Amino acid sequence: MSEGMNWLVILLAVANVVGCVWLLIATARSRPEDKDATATTGHAWDGDLVEYNKPLPRWWLWLFLGTVAFAVVYLVLYPGFGRYEGTLGWNQYKDHDRDAAVAEEKAQAILSRFRDRPLPQLAGDLEAQAIGRNVFANNCATCHGSDARGNPGFPNLADNDWIWGGAPEQVLTTIREGRIAAMPPLGAALGEAGVNEVVNYVRSLSDLPHDARAAEAGSARFATLCVACHGPTGTGNPILGAPDLTNDAWLYGSDPQDIADSINYGRNGQMPAHGPILGEDRVRLVAAYVLHLSGASDDSQGGSR
């Protein structure tokens, strides 16, 4: 809090308390012109409903003064008076941290039961699946969808096509450490005609409608610029995160324009590391949940765009 804001808060707090006290005192005493017990405020509702012009009842006045006293005591004990932290030293951050520590202690008592079990075994455990599903819903569904079937640019996790490999340890590494995928832009190197030819060749690899003549020309260009990552047959390389171009899993779309955009401008997908966010126990459980969704086995390989 800046110095100016500190003094502004102090001024407003004092002004509110003093103003409230002044208002109560000023209206608590009868004025000479109010001696008439039948005098009204002059306002009328529904034609005949009027209000007497009398001070507050004493019990009501003391109730209001009690709220003022409460405010003063509160500002002494708790934060609210500028930078002053209060005599109790309470703040919402400490309160949150204490509650979080208690909740985490309870959670660890549950999570520890799954700590030493292999991922394939956890993938078949109903309780582990339920916990993994909750972790996924709170941390992964924003990108991958509540059903884990992905969105454009975010892989479908409910199939058995993998960019970085689908073996349990590979999935665990992806979640724990994150991944960075880089598809370099090749539009300048290929030119407009070359991009069109490669687009048709890539579509031919997965049996999508294509121009056979353009695909044949694109094959040579693919062999020159693309095989280093995607391999000579286009089946990809999980070590590099290069997707398999021969299946029907398209991360950025299979339309000619979508593929052309990937070739022209490249792609730069990033999966953030969740190890520091979730901790090892939750990472393993969400990995087991993903493995359960996909039916992946220890020797799963393959790729997804």
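Counting along the sequence shown from 1, when you hit position 117 you're at 434 in our numbering, and nothing is skipped either side. Glycine included, each C-beta is placed from N, C-alpha and C at the ideal position. Since the model is a prediction, treat every value here as computed from it, not as a measurement.
Measure the alpha-carbon distance for PRO374 versus VAL385 and round it to whole angstroms. Taking the sequence shown and counting its residues from 1, one reaches residue 374 at position 57. Taking the sequence shown and counting its residues from 1, one reaches residue 385 at position 68. Going from the Cα of PRO374 to the Cα of VAL385 covers about 17 Å.
To the nearest angstrom, how far is it from the Cα of ASP433 to the Cα of ASN468? Mapped onto the sequence shown, residue 433 falls at position 116. Mapped onto the sequence shown, residue 468 falls at position 151. C-alpha separation (whole angstroms): 33 Å.
So is ILE594 in contact with chain B if we call contact Cβ pairs under 7 Å? The question asks about chain B, but that chain is absent: this structure has only one protein chain.
Other residues of its chain near ILE492: CB distance less than 7 Å, five sequence neighbours each side excluded: Against the sequence shown, residue 492 aligns to sequence position 175. Excluding positions up to five away in sequence, the list reads HIS591, VAL600, VAL603 and ALA604.
Three-state class that DSSP yields for TYR569 in the structure shown: Within the sequence shown, numbered from 1, the residue matching residue 569 stands at position 252. Of the three classes helix, strand and coil, the one that applies to TYR569 here is coil, per DSSP.
Alpha helix (DSSP H) segment containing TRP481, residue limits: The residue labelled residue 481 in the question sits at position 164 within the sequence shown. Careful: TRP481 lies outside any alpha helix (DSSP H) and carries neither H nor E.
Check whether the Cβ atoms of PRO501 and GLY583 sit closer than 7 Å, and answer yes or no. For the purposes of this step, residue 501 is identified with residue 184 of the sequence shown, where counting begins at 1. For the purposes of this step, residue 583 is identified with residue 266 of the sequence shown, where counting begins at 1. In this structure, GLY583 lies closer than 7 Å to PRO501 by Cβ.
Count Cβ pairs between the region 411-421 and the region 331-338 that sit closer than 8 Å; are there 3 or more? no
Close Cβ partners of ALA531 (< 7 Å) along its chain, the five nearest in sequence each way excluded: As a working note, residue 531 is residue 214 in the sequence shown. Contacts found: ASN513, GLU514 and ASN517.
Which runs of the alpha helix (DSSP H) at least 4 residues long sit entirely within the region 481-532? Give them in chain order. 485-494 and 504-522
With 16 other CB atoms within 10 Å as the buried threshold, where does MET588 fall? Translated into the one-based positions of the sequence shown, residue 588 becomes position 271. Classification of MET588: buried, given that the 10 Å Cβ count is 16 or more.
7 Å CB neighbourhood of GLY548 in its chain, flanking five on each side removed: Position 231 of the sequence shown, counted from the start, is the residue given in the question as residue 548. ASN554.
If you draw a straight line from the alpha carbon of ARG430 to that of GLU509, how long is it in whole angstroms? Working through the sequence shown from its first residue, we reach residue 430 at position 113. Working through the sequence shown from its first residue, we reach residue 509 at position 192. Cα-Cα distance, rounded: 58 Å.
Can LEU525 be considered in contact with the ligand MN, in the sense that its beta carbon sits closer than 6 Å to one or more heavy atoms? Inclusion of the ligand MN in the displayed structure is not the case, the ligand content being empty and no account of it being possible.
For the beta strand (DSSP E) that ARG584 lies in, which residues bound it at each end? For the purposes of this step, residue 584 is taken as the residue at position 267 of the sequence shown. Looking at the DSSP string, the run of the beta strand (DSSP E) that includes ARG584 is 584-588.
With DSSP collapsed to three states, give me the class of LEU542. As a working note, residue 542 is residue 225 in the sequence shown. Three-state DSSP puts LEU542 in a helix.
Buried or exposed for LEU325, going by 16 or more other Cβ atoms inside 10 Å? Your numbering for residue 325 matches position 8 in the sequence shown. Label assigned to LEU325: exposed.
Assign TRP377 to buried or exposed, taking buried as 16 or more other Cβ atoms, counted over all protein chains shown, within 10 Å of its Cβ. Here the question's residue 377 lines up with position 60 in the sequence shown. By the 10 Å Cβ count, TRP377 comes out exposed.
Is PRO485 buried or exposed, if buried means 16 or more other CB atoms sit within 10 Å of its CB? Your numbering for residue 485 matches position 168 in the sequence shown. Buried, since its Cβ has 16 or more Cβ neighbours within 10 Å.
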